[in-house]
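Structure record follows, encoded as C-alpha cells.
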Amino acid sequence: MSSIPNLPFFDSLLIELGREYDVPVRLSRYASAAPELLTLATNAGLTEDEGARALFVADFITTASEVPSEASDEDRYSSIFEAFKSGRSRNKSPDKLMHVFYVAYKTAIKMRSQDLFMGGRGMPRDVSLIRLKDYFISPYLKRVSNYLSKGPCGWEFALLSAALKRTYPHEEIQSLKIQSDNQKHSDLLAPIWKLLKEHEALHVVIQNSSVTIANMNETQAFLLFNTKQASLISSWNVGEGTKVSKLQTPFQKVTSFLNRPILNSDIVMLRGRILNTLEHFMLVRDAFSPANPMLIMKTPADDLNAANVAQILHLRGLDESKAGTWKNTLSGDQKSKPRPATPTTPKLQGKEATPVKKKGFFGRLLGKIRKSEEIDQQSPTPSAPKVSVQEKPSRGLLKRGSFATDATFIPQALVIEAVSNIQIVDTFDTLREGNYSIEGIFETDLKSNVTTFLSKPSLGLASTIMTFLTNLQPYLTDLFQNAFQVEDFLIEELFFTTDAKEKYIIKMDGNQHMTVGLLAQAPPDAHIEDWKTRGEDLEPLQRKSLAMRTNQYLKARRHSSFEDSTERIFGQNFAVSTAKKDTFP
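Counting in this note's numbering, the sequence shown runs from 25 upward without gaps.
Right under this line is the structure:
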C-alpha cells in the first residue's frame, strides 16, 4: 500500500536530460569534431556508442567541478570510461548508463541544496541526514534500479556516492565492492549511512539555532516495530522516568490487536483529543510491511499528512526488516554522551479535580467524558497556590532496555515530518482523502447506556464495528497511561484501508451527555463511477465534510430528536428512511 516518497522527482529526472540538451546532435559531433577523444575512449575498451556517451558525461555532467580539484581532464575521462565499463554488468544500453550518470549528479546537487535549506530552518544534523536518505537516496535507488534492470544496485549507488563527495566514479565503484546479493534496501543501509556521514564532514552546514521548529519540542513520540524477536522501541521527548519494562507489554498488546483486520481492512491511522487539554494523540502504522512500524504521538497539532508519514514508516520498516538493523549500523557511530543537567521549572498546583465515574457504552469505550461544571471548581475559601517543582521532559532515549534502540533522531525526524511545517516534498494526503459514502450512523446516550446504530441494509456489520471499538479502548487506555500518563481521551477518527486501496473511515465526537459517530467508505478510484451508480443517487463527501457533519449532528441533538437530527444532517447523503436500526445495551 505505502510507497517510497519523492518517486515523481526521479521520474522527471529520467526524462529531463533530453529536454536540457540536444543529445543526438552533441553525440554526433564527437565523430566529426573530436575524433581523437573518441579514439581515446575506444582505446580504453569502449565501443563508439559507449565512448560518445561517456565523453558527453565528462563534458556536460561530470565536469571538472564534480571531481577532485587537482584532477586533470585525462584523469576524469579515464575514470568515467572505467565506470562505463563497470556499468555493463547492470545494463548493456549505453544510453541508459548515460541517463543514470545524469540522474546521480542532479540528485547530488539537489541533496546539497536541501541540506542547506534544512540547516537554515534549524534542523538537527542527523535529522537532516536521514531525511536526505528518505527523500533522495532511497527513491533514487528504487527508481534507477528499476530503470536499469533487476539486480544489485551497487553501481548506481557508487555513482551517487562519487557525485555527492565529488570523487572519481571508478574509485567509488572499487571501494564499495557491493556483492551480488546486496540489492535490498536494508542491505545497503550501512553504506548509505556511511556516505551521509562522509557528506556531513565534507559539506559543513551550520544549524540556525534561532529558528523554532513548530511542535517539535512539545510533541512526545514512540516508534516501534513488531519484529519476530521483540518490539523495538525508540522515543523522542519522553522523560527518563518512563520505564521500558512497563511499556513493552502495552505496546505489544496494541500492536497485536491492530494486526487483526476489521471489514477485511487494516487500521492505518487513529487520531483523537486528550480531554481537558489542548493536546491530541495520533497513531500511524504501516500495516503492509513485515515489521509493522508504528508511530504514536502526543502533540499540540490536531492533524497530519498521513500519506507522508506512512511512506516514511514504510522505509523504516524496510530498514528494520532485520531486527536491530539501525542499532547495528549506528553502533560505531552513535557514542553515548553525558546528558546535560535539565533545568527545573516551577509549576502552580491548583485544587485537584474530582474525577467523574465512567458510565455508558462510550464512556467505557472512549475514555472519561467529564462534566465541565464538575472540574476545577473554586473553593469558597481560596488559599495561596502551592508551588511544585516539575522536571522538564528530556528529549533523550527511554531508559535503556533490551529492546530499545539508540537512534533518537529517527523518531524525531518522523515527528518533524508529521507535525512541523518543514516539508521537502509538499504533497496531498492521498491516503485518507477520497469520495466517501456514509454507510452508518451511531449514537450513544451515556445516561441510558444505549447505543443506536443506523446502517445500510447491505452493511450488516454494526455489531462487528461496535465490538472492535469496545475492545480497542482498554488497550489504548493502558498504553496512554504508561506512555503519556493520560487517561481521559476521545477517539475522533479511525482510518483503515485494504491493500487494494479501498478505504473506510470512522468519525466521532462527543460531550458529557452522548457520543456520536459515522462510518463511511470510499472505493478505489477506478471503481468510483460504478460506485456512484449502484442504485443510490447520493452525493459523496470529502473527509473534512464528514467531520463537519458529525459535529453538526452532535449540536443538533441538543434540541432535536434522534429522527429529526439524522434526517436533517444526513438526509442528503444517507437514506435514513430505509436504514437498518440496531441497538446495543
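C-beta: ideal position from N, C-alpha, C; glycine also.
Predicted, not measured: the structure shown is a model, and the values here were computed from it.
Collapsed DSSP secondary structure at residue i in the structure displayed
i           : result
residue 445 : coil
residue 499 : helix
residue 250 : strand
residue 454 : coil
residue 299 : coil
residue 275 : helix
residue 43  : helix
residue 242 : coil
residue 606 : strand
residue 91  : coil
residue 289 : strand
residue 30  : coil
residue 308 : strand
residue 472 : coil
residue 545 : strand
residue 318 : strand
residue 8   : The structure shown has nothing for residue 8, since the chain only spans 25 to 609.
residue 146 : coil
residue 96  : coil
residue 559 : Confidence is the limiting factor: at residue 559 the pLDDT is only 46, short of 50, which leaves the residue's position unreliable and the question unanswerable from this model.
residue 592 : helix
Residue from the options with nearest C-alpha to residue i
i           : options            : result
residue 511 : 299, 334, 469, 492 : 299
residue 354 : 588, 432, 489      : 432
residue 98  : 115, 338, 78       : 78
residue 312 : 291, 256, 328      : 291
residue 537 : 228, 320, 473, 436 : 473
residue 566 : 501, 262, 453, 489 : 453
residue 284 : 575, 488, 505      : 488
residue 142 : 231, 108, 221      : 231
residue 170 : 241, 34, 74        : 34
residue 613 : 327, 351, 318      : No information on residue 613 is available, as it lies outside the stretch 25 to 609 that the chain covers here.
residue 133 : 85, 150, 158, 95   : 85
residue 289 : 492, 578, 329      : 492
residue 575 : 286, 539, 83       : 539
Within 8 Å, strictly: CB atoms of residue i and residue j
i           : j           : result
residue 434 : residue 154 : yes
residue 541 : residue 529 : no
residue 186 : residue 176 : no
residue 297 : residue 514 : yes
residue 189 : residue 226 : yes
residue 315 : residue 341 : yes
residue 600 : residue 442 : no
residue 125 : residue 183 : yes
residue 456 : residue 519 : yes
residue 64  : residue 76  : no
residue 111 : residue 179 : yes
residue 339 : residue 158 : yes
residue 239 : residue 444 : yes
residue 580 : residue 589 : yes
residue 302 : residue 229 : no
Residues near residue i in its chain [Cβ-Cβ closer than 7 Å; skip 5 each side]
i           : result
residue 508 : 244, 322
residue 603 : 478, 479, 480
residue 49  : none
residue 365 : Unreliable positioning characterises residue 365 in this predicted model, as indicated by a pLDDT of 40, which lies under 50. A coordinate reading is not provided.
residue 115 : 121, 172, 173
residue 138 : 156, 448
residue 90  : 129, 187, 190
Pairwise C-alpha distance: residue j and residue i
i           : j           : result
residue 39  : residue 310 : 31 Å
residue 181 : residue 101 : 20 Å
residue 172 : residue 534 : 55 Å
residue 438 : residue 523 : 23 Å
residue 55  : residue 526 : 56 Å
residue 144 : residue 237 : 11 Å
residue 597 : residue 293 : 24 Å
residue 37  : residue 46  : 15 Å
residue 80  : residue 307 : 50 Å
residue 272 : residue 258 : 12 Å
residue 305 : residue 327 : 9 Å
residue 469 : residue 286 : 25 Å
residue 500 : residue 517 : 14 Å
residue 69  : residue 219 : 30 Å
Same chain only: Cβ atoms within 6 Å of residue i, ignoring 5 sequence neighbours per side
i           : result
residue 344 : 249, 315
residue 476 : 467, 607
residue 28  : 162, 163, 166
residue 546 : 458, 459, 460, 527
residue 270 : 506
residue 521 : 289, 292, 527
Own chain, CB closer than 8 Å to residue i, minus 5 neighbours either side, in chain order
i           : result
residue 147 : 155, 231, 237, 440, 446
residue 279 : 248, 250, 255, 316, 318
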